[in-house]
Amino acid sequence: MQPDERLRPHSVDDPPPFLGTWNNVYLAIVLYLALLIAAFGWFTLAFTPVVIR
Amino acid sequence: MVHPGLYAGGDPVTTLDWVVLVGWLLVTIVYGLYKARGSNTTQAYLLAGKSMPWYAIGLSIMATQASAITFISTTGQSYVDGMRFVQFYFGLPLAMVILSMTAVPIFHRADVYTAYEYLGQRFDRRARTLVSLLFLVSRGLGAGVALYAPAVVLSVALGFSERWTTILMGVLVVGYTTMGGVKAVTWSDVQQMLLIFGGLVTALFLAVWNLPADIGLGDAVSIAGAAGRLNAIVTTFDWDDRYNVWSGLIGGMFLALAYFGTDQSQVQRYLTGRSIAQSRLSLLFNAMAKIPMQFFVLFIGTVVFAYYHFEKPPVLFQPADQRKLEAGAEAGAMTGRFDRAFTERRDAARTWLKSRSEADLARYRATQKEVDATRAAAMKQTGAAADTNYIFLHFVTTTMPPGLVGLMIAVIFAAAMSTISGEVNSLATVTIMDLYRPFQANAGDAHLLLASRVATMFWGTYAVVFAGFAGRLGSLIEAVNIVGSLFYGGMLGAFVVAFFMPRVTSAGAFWGVLAGEAAIFYCFLATKISFLWYNVIGALVVIAVAVAVSAVAPAKATDTPSAS
């Protein structure tokens, strides 16, 4: 039987549900941000005519 | 069937819209109160008994941040200024990572009700009280603006006065927040955020659907790009420029650190997490979802911008200003100038879409400049200050069929109510836990619970009263961010020295915060530095002064932390 989640001390530091460690999760977030900025850069260049850049 | 429109003197909202709006309001409030049943202790009322799962906290954080201003003003902002505002959020994922590594475990282990209670443990009551007061001032002002935004919507769309609308909104929000506490706020936020997502998709779909038959989404995007509205990335660095990639990454990160790390309206959300991992996941969910969501909202504004190339908009979107313009001595000349500019721009856009030649692009851009110049002249003539806030509203009420108008108004309501409820709840928590409880050593739990409910009602009333003045602040989204930036730098500096600088004393933190705030107000009043940098400057000044004071004035016996 699983112990009731609400009875656990809330300061327990569990591992993340994916990517193994929290540091891996943080790294994935930073890479995701870099990817977003690159995609927005492409979006700006692709749809803004050269004349007005 | 399309609404006859506010601007033609028609009835803007049908019975079906009212059914959708009132029905949604009832469902949300009843659902929130149902989920909050049993919140009969102070911890349950203010921290949901630390039982919330990450997805509910994450959506609640997002809903609290995504105010009605997000929809009313952000779409209008991309209409007039393009998508570069999205860069403002680039620092947010970095801030979420830093806070997940630092603030979340520290606050959880300190077992506090508020972030400022932790400052009391680390420093003393003086530092805790000072930062609590900074929060109450800044968030109190923000709550008023957040309440005013939907009042704009309702007063225009439903024909109510702004005053009565703020009172109605205030009563609704304060009612369920007072009764259900943070649990009611959080679960209502979950529902509201899901409605917001649905509303956004619907708005974009209808914006594209309403384009002329020969104009597709690709053409609309091309037009927005030709007008310089798709400037999602600006790499040029300029201290005075509010939105470029550098101010977004650095200034935005500091603002997000301050907002999510020191603002109780956010901290209280993740303090309700049932574990450190759940709180972290809620922040990281925001790190992933916030930027795409803002991009989507801004993109809707650019499609609306393209739509109004083919459907003539009023010169001014604010109905009262438009009426003022039409009643003025130069009404004929101004509307005639706008009609010519609109027709020339529409024709130039079609010509350029077919030819894609540089000459036609230059002609189109000249016509766009004339439309902008005409609107600017009309705004100057009428004294219009916040026309941006009415663009999306005009689009919704003049293009959408009955029922959907009610849905879109419900979306704006949802965004507003989730923000205000979170803010009022956090203001009450800080008032009771940081300013009242320290002087009520013998107060029992029932006493504090009652005091929390009274404080919730007080802050709700305060927000309603302040909302009466918010209309004079210009673009609402910027007003909120500027007000926040005046105080966040000092607050952020206090937490940085508390977390990372064990040698900093209570006196150092106290004088550091005062010096940081003085530096920020100097920048605001005497320089043209963009508000995004205030947090960086303020936090750095706090750190420098705190370190210096701590070095020259060692800790005294009175610097011992206060009991909480």
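Protein chains in written order, with this note's numbering: chain A, 16 to 68; chain B, 568 to 1131.
For glycine and all other residues, C-beta sits at the position ideal for the given N, C-alpha and C.
| Contact between the region 661-674 of chain B and the region 849-861 of chain B (3+ Cβ pairs under 8 Å) | When C-beta atoms of the region 661-674 of chain B are compared with those of the region 849-861 of chain B, three or more pairs fall below 8 Å, so the two segments count as touching.
B/Gly-726 - DSSP class collapsed to helix/strand/coil: coil
query = Applying a beta-carbon distance threshold of less than 8 Å, which residues of chain A neighbour B/Met-855?
reply = Against chain A, a Cβ distance below 8 Å from B/Met-855 picks out Ile-44, Tyr-47.
Please check if any C-beta of chain B sits within less than 9 Å of the C-beta of A/Gly-4. The question about residue 4 of chain A has no answer, for chain A in this structure spans 16 to 68.
Do you know offhand how far B/Phe-655's Cα is from B/Tyr-826's? 13 Å
Exercise for the section: Answer with yes or no whether the minimum CB distance from A/Thr-36 to chain B is below 9 Å. Expected result: no
Check whether chain A comes within 9 Å of B/Leu-647, counting only Cβ atoms and requiring the distance to be less than that.
For the sequence presented, residue 647 of chain B should be read as Val rather than Leu. No, B/Val-647 lies away from the interface with chain A (no Cβ there is under 9 Å from its Cβ).
9 Å Cβ cutoff met for B/Val-991 and B/Gly-1027
yes
Checking the sheet assignment: what are the DSSP bridge partners for B/Met-619?
B/Met-619 pairs with B/Gly-840.
Distance, Cα to Cα, B/Pro-672 vs B/Gln-688?
-> The alpha-carbon atoms of B/Pro-672 and B/Gln-688 are separated by roughly 15 Å.
Using a beta-carbon distance cut-off of less than 9 Å, what residues from the region 841-873 of chain B approach chain A? Arg-841, Ser-842, Ile-843, Ala-844, Gln-845, Ser-846, Arg-847, Leu-848, Leu-851, Ala-854, Met-855, Ile-858, Pro-859, Phe-862
- [ ] Please confirm whether B/Ala-823 and B/Met-663 have their CB atoms less than 9 Å apart.
- [x] yes
Report the option in B/Gly-973, B/His-1014, B/Phe-764, B/Ala-1074 whose CA atom is closest to the CA atom of B/Phe-862. B/Phe-764
message = Once DSSP output is grouped into helix, strand and coil, what is the label at B/Thr-609?
response = Secondary structure of B/Thr-609 (DSSP, three-state): helix.
Below-9 Å beta-carbon distance, B/Asn-811 vs any chain A residue
With a threshold of 9 Å between beta carbons, B/Asn-811 makes no contact with chain A.
Can you list the beta strand (DSSP E) stretches of 3 or more residues lying completely in the region 846-927 of chain B, in chain order?
none
Can you give me the start and stop residues for the alpha helix (DSSP H) that B/Phe-1098 sits inside?
Careful: B/Phe-1098 lies outside any alpha helix (DSSP H) and carries neither H nor E.
Span separating the alpha-carbon of B/Phe-898 from that of B/Leu-892:
The amino acid at residue 898 of chain B is misidentified as Phe; the sequence shows Ala. So the alpha carbons of these two residues sit roughly 6 Å apart.
Looking at C-alpha atoms only, which residue of B/Val-594, B/Ser-988, B/Thr-918, B/Gly-818 is the closest neighbour of B/Asp-1107? Before going further, note that residue 1107 of chain B is Leu rather than Asp in the sequence given. Nearest of B/Val-594, B/Ser-988, B/Thr-918, B/Gly-818 to B/Leu-1107, Cα basis: B/Gly-818.
Counting only beta-carbon separations shorter than 9 Å, does B/Phe-657 have a partner in chain A? yes
Chain-ordered residues of the region 665-677 of chain B with a beta carbon less than 8 Å from chain A = Ser-667, Met-668, Pro-672, His-675, Arg-676
Exercise for review: Over the uninterrupted alpha helix (DSSP H) stretch that includes B/Pro-1069, give me the two end residues.
Suggested key: Unbroken run through B/Pro-1069: none, as it is neither H nor E.
For B/Arg-904, which residues from the same chain have a beta carbon less than 6 Å from its beta carbon, with the 5 sequence-adjacent residues on both sides left out? Thr-941
Next on the checklist: Which residues of the region 582-616 of chain B have a Cβ closer than 8 Å to any Cβ of chain A? Give them in chain order.
Outcome noted: Gly-616
Classify B/Asp-691: buried if its beta carbon has 16 or more other beta carbons within 10 angstroms, exposed otherwise. buried
- Could you check the C-alpha separation between B/Val-1116 and B/Ile-1110 for me, to the nearest Å? 10 Å
- Message: Is the separation between the beta-carbon of B/Leu-762 and that of B/Trp-591 shorter than 9 Å?
- Response: yes
field: chain B contact residues for A/Leu-51, given Cβ-Cβ distances below 7 Å
entry: Ile-858
Requested in this report: Would you mind reading off the limits of the alpha helix (DSSP H) that contains B/Pro-968?
Outcome: Run containing B/Pro-968: none; DSSP gives neither H nor E here.
Fill in: Contacting positions in the region 775-798 of chain B - beta carbon closer than 8 Å to chain A
Within the region 775-798 of chain B, the qualifying residues are Val-788, Ser-789, Ala-791, Gly-792, Ala-793, Gly-795, Leu-797, Asn-798.
>> Give me, in chain order, the residues of the same chain whose beta-carbon lies closer than 7 Å to that of B/Phe-1077; leave out the 5 immediate sequence neighbours on both sides.
In response: Arg-693, Ala-694, Leu-697
| message | Taking the alpha carbon of B/Gln-759 as the reference point, which residue from B/Trp-813, B/Met-975, B/Ala-1065, B/Pro-1069 has its own alpha carbon closest? | response | B/Met-975
Run through DSSP, which three-state label would B/Phe-772 get? helix
Q.
With a threshold of 9 Å between beta carbons, is B/Ala-1111 in contact with chain A?
A. So, not an interface residue.
Notebook entry, point to check: Relative to chain A, which residues along the region 915-937 of chain B have a C-beta separation below 8 Å, given in chain order?
Noted result: Glu-925, Leu-928, Ala-929, Arg-932
Margin query: Contact defined as beta carbons within less than 8 Å: I believe B/Thr-839 pairs with B/Val-749. What is the distance between those atoms, to the nearest angstrom?
Written below: Separation of the CB atoms of B/Thr-839 and B/Val-749 is rounded to 6 Å, and the pair is thereby assigned contact status at 8 Å.
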